[in-house]
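Q:
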Amino acid sequence: MNIKLNKKGADKIISVYWFAILILVAGGVFMMVSTFYNSPYDVRGLEAEILSDKVADCISNQGQLNFNLIEEDGKFSEAFKNNFLNNCKIILNENKPEYYFEVNFYGVDDTSNSVFDISYGNQNWKAGCSIQEDKEHEKLSKCLEKRFYAVGEDNVQYLIKVLSIVGKAEKNVR
Amino acid sequence: MFVNKGKSGQLSDAMTWIIATIIIIVILVVFFYASSILAKAKDLEVNTKLLFVEGGENNMGWFYEKTSLAYSINSNNKLKIEAWINEDKKS
Chain A
7 MNIKLNKKGA
17 DKIISVYWFA
27 ILILVAGGVF
37 MMVSTFYNSP
47 YDVRGLEAEI
57 LSDKVADCIS
67 NQGQLNFNLI
77 EEDGKFSEAF
87 KNNFLNNCKI
97 ILNENKPEYY
107 FEVNFYGVDD
117 TSNSVFDISY
127 GNQNWKAGCS
137 IQEDKEHEKL
147 SKCLEKRFYA
157 VGEDNVQYLI
167 KVLSIVGKAE
177 KNVR
Chain B
75 MFVNKGKSGQ
85 LSDAMTWIIA
95 TIIIIVILVV
105 FFYASSILAK
115 AKDLEVNTKL
125 LFVEGGENNM
135 GWFYEKTSLA
145 YSINSNNKLK
155 IEAWINEDKK
165 S
């Protein structure tokens with residue numbers, strides 16, 4: 007009696023296993039795609055840069071301070087400060103302020119005490135800038151500080167610091 | 075009575091599939107890790123208004139141009155001013 011084992015039973019089991027592999031690969035592809043597309047683009051750095059550029063363009067032009075910024079007696083104009091957004095044609099969403107910017111003017115001789123300040127927006131975002139060095143909190147508001155130099159009337163030298171902050175963590179961070 | 079026990083067949087097929095499964099899982103994990111890294115690369119940092127000057131530094135920007143123009147008007151205390159501006163870059 008010659009008994010020869012065939013492989014029919016094993017083929018049926020492997021066919022089911024083939025579908026299991028197929029599902030595994032499909033699940034893996036689904037996870038990869040969802041991981042990539044579920045994370046939003048964080049453009050807050052770019053927004054902060056645009057905001058600081060816009061503010062700086064309003065304050066200084068061709069190396070000189072905006073003539074409307076300084077009054078005839080040489081002092082900084084409070085009227086310009088109070089109406090800064092209109093003067094600079096900057097429109098922020100006032101219903102839900104997600105932005106903050108601050109401009110500090112310093113003399114060359116004293117860089118620790120500002121001679122004039124302009125600020126607008128949600129000041130609460132400013133507190134998040136100091137703790138952003140910690141990686142755990144880096145997804146808070148995006149802060150950008152830039153400095154430059156400009157000349158006022160009578161060749162008076164001013165050092166200018168522009169701080170721009172963008173919140174909007176809900177739309178840009180996950 | 076002669077029983078022919080084949081040496082090839084069921085067991086070798088199963089071993090093939092086990093190895094294939096392990097390889098597939100490893101490749102999936104690698105690609106999943108790569109997709110998560112690509113997702114982190116979505117944090118954009120773009121410099122607007124870059125001033126490209128031949129032989130210039132890569133970090134030239136709009137604020138640098140403003141400062142340079144101001145120097146053409148009054149270049150006193152230039153070292154002091156540059157030191158103050160560079161404090162920002164170090165922090």
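Top line first, the protein sequences correspond to chains A and B.
For what it's worth, my numbering labels the leading residue of the first sequence as 7, then goes sequentially.
For what it's worth, my numbering labels the leading residue of the second sequence as 75, then goes sequentially.
By construction, the Cβ of each residue, glycine as well, lies at the ideal position given by its N, Cα and C atoms.
What you are looking at is a predicted structure, and each value in this text was computed from that prediction instead of being measured.
Taking 9 Å as the CB-CB cut-off, is B:I93 touching chain A?
A: As a first step, residue 93 of chain B is located in the second sequence; it is residue number 19 there, counting from the start. It does not: the Cβ of B:I93 has no partner Cβ on chain A nearer than 9 Å.
Q: At which residues does the beta strand (DSSP E) containing A:S170 begin and terminate?
A: Taking the first residue of the first sequence as 1, we reach residue 170 of chain A at position 164. Element bounds for A:S170: 163–172.
Q: Could you spell out where the alpha helix (DSSP H) holding A:E88 opens and where it closes?
A: On the first sequence, position 82 is the one that residue 88 of chain A refers to. At residue 88 of chain A the sequence reads Asn, which differs from the Glu that was named. Per DSSP, A:N88 belongs to the alpha helix (DSSP H) from 84–88.
Q: Can you confirm whether B:I96, when its beta carbon is compared against all beta carbons of chain A, has any partner nearer than 9 Å?
A: What you label residue 96 of chain B is simply residue 22 of the second sequence in a count that begins at 1. False, the Cβ-Cβ gap to chain A never drops below 9 Å.
Q: For A:N161, return the contacting residues in chain B, with the cut-off set at a CB-CB distance below 8 Å.
A: For the purposes of this step, residue 161 of chain A is taken as residue 155 along the first sequence, with counting starting at 1. Result: I147, N148.
Q: Just to confirm, is the Cβ distance from A:K6 to A:A54 under 9 Å?
A: Nothing can be reported for residue 6 of chain A, as the shown portion of chain A is limited to 7 through 180.
Q: Using three-state DSSP, classify B:Y138 as helix, strand or coil.
A: If you number the second sequence from 1, residue 138 of chain B lands on position 64. Helix at B:Y138.
Q: Would you identify the three-state DSSP class for A:K148, choosing helix, strand or coil?
A: Here residue 148 of chain A corresponds to residue number 142 of the first sequence, with the count starting at 1. DSSP places A:K148 in strand when its eight states are reduced to three.
Q: Residues in its own chain within less than 6 Å of A:I124 by CB, not counting five upstream and five downstream?
A: Position 118 of the first sequence, counted from the start, is the residue given in the question as residue 124 of chain A. Only K87, F90, V109 meet the Cβ criterion.
Q: Can you have a look at A:M38 and say buried or exposed, based on whether 16 or more other CB atoms are within 10 angstroms of its CB?
A: The residue you call residue 38 of chain A lines up with position 32 of the first sequence. By the 10 Å Cβ count, A:M38 comes out buried.
Q: Take B:F137 as the anchor and find which of A:I76, A:F73, A:S58 has the nearest alpha-carbon.
A: Along the second sequence, one-based indexing puts residue 137 of chain B at 63. Of the listed residues, the one whose Cα sits closest to B:F137 is A:S58.
Q: Whose Cβ in chain B lies nearer than 7 Å to the Cβ of A:G113?
A: As a working mapping, residue 113 of chain A is identified with position 107 in the first sequence. What A:G113 touches in chain B: nothing, since even the nearest Cβ is about 10 Å away.
Q: For A:E78, report the span of its alpha helix (DSSP H) as first-last.
A: Taking the first sequence and counting its residues from 1, one reaches residue 78 of chain A at position 72. Per DSSP, A:E78 belongs to no alpha helix (DSSP H) and is neither H nor E.
Q: Is DSSP giving A:S125 helix, strand or coil here?
A: Here the question's residue 125 of chain A lines up with position 119 in the first sequence. Strand, per DSSP.
Q: Between A:M50 and the rest of its own chain, which residues show a CB-CB distance below 7 Å, the 5 nearest in sequence each way excluded?
A: Along the first sequence, read from residue 1 onward, the residue named residue 50 of chain A stands at position 44. The sequence as given places Arg at residue 50 of chain A; Met does not occur at that position. Only K148, V172, K174, N178 meet the Cβ criterion.
Q: Would you check if the distance between the CB atom of A:L165 and the CB atom of A:F107 is smaller than 9 Å?
A: The count along the first sequence starts at 1 and reaches residue 165 of chain A at position 159. The count along the first sequence starts at 1 and reaches residue 107 of chain A at position 101. No, the Cβ-Cβ distance between A:L165 and A:F107 is not below 9 Å.
Q: Starting from the Cα of A:N92, find the closest Cα among A:I65, A:F82, A:S40, A:D48 and give me that residue.
A: The residue given as residue 92 of chain A occupies position 86 in the first sequence. Looking at the Cα atoms, A:I65 is the closest of the given residues.
Q: When the distance is taken between beta carbons, is A:V162 closer than 9 Å to A:L80?
A: As a working mapping, residue 80 of chain A is identified with position 74 in the first sequence. As a working mapping, residue 162 of chain A is identified with position 156 in the first sequence. First, the residue type needs correcting, since residue 80 of chain A is Gly and not Leu in the sequence shown. Yes, the Cβ-Cβ distance between A:G80 and A:V162 is below 9 Å.
Q: Helix, strand or coil, according to DSSP, for A:V114 in the structure here?
A: Taking the first sequence and counting its residues from 1, one reaches residue 114 of chain A at position 108. Three-state DSSP puts A:V114 in coil, outside helix and strand.
Q: DSSP state of A:E108, grouped into three classes?
A: Residue 108 of chain A sits at position 102 when you count from the first residue of the first sequence. Looking at A:E108 - three-state DSSP - the assignment turns out to be strand.
Q: If you draw a straight line from the alpha carbon of A:L75 to that of A:G158, how long is it in whole angstroms?
A: As a first step, residue 75 of chain A is located in the first sequence; it is residue number 69 there, counting from the start. As a first step, residue 158 of chain A is located in the first sequence; it is residue number 152 there, counting from the start. Using only the alpha carbons, I get a separation of about 9 Å.
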